[in-house]
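Everything on this sheet refers to the single structure shown next.
Residue numbers (the UniProt record's numbering): 1 to 99.
Have a look at this one:
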């Protein structure tokens, strides 16, 4: 699998992900369900040119949502919490202060 196919999107706009980025140099991504930790580590290192120390994964259960008069279940998805080497950082937005 190509690295672009393994990493779906970063999860950066939640309180927990912001706290992890600031305190312990961890970044959260949504990844393919069939990707393992080694593939996720290699994909992050190839795409963002950073060092990866550790990868933790968990499968998030899909929620039940109202669709018209009935209920439907959203798909299950996999979350990867990636610990970066000290000093490495991934910038997703341009964080310049304008005065």
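Every residue, glycine too, gets a C-beta built ideally from N, C-alpha and C.
Query	Result
Span of the beta strand (DSSP E), counted from its first residue to its last, around residue 7	7 to 10
Beta-carbon gap between residue 52 and residue 82 smaller than 8 angstroms	yes
Inter-residue spacing [alpha-carbon to alpha-carbon] between residue 48 and residue 77	22 angstroms
Per-residue DSSP class, three states only, for residue 33	coil
Residue 16 - containing alpha helix (DSSP H), residue span	15 to 24
Unbroken beta strand (DSSP E) run spanning residue 70, endpoints	70 to 73
Residue 67 - partner residues in DSSP beta bridges	70
Between the CA atoms of residue 56 and residue 46 - distance to the nearest angstrom	18 angstroms
Of the listed residues 13, 16, 28, 6, nearest to residue 163 (C-alpha basis)	The question about residue 163 has no answer, for the chain in this structure spans 1 to 99.
Three-state secondary structure assigned by DSSP to residue 44	helix
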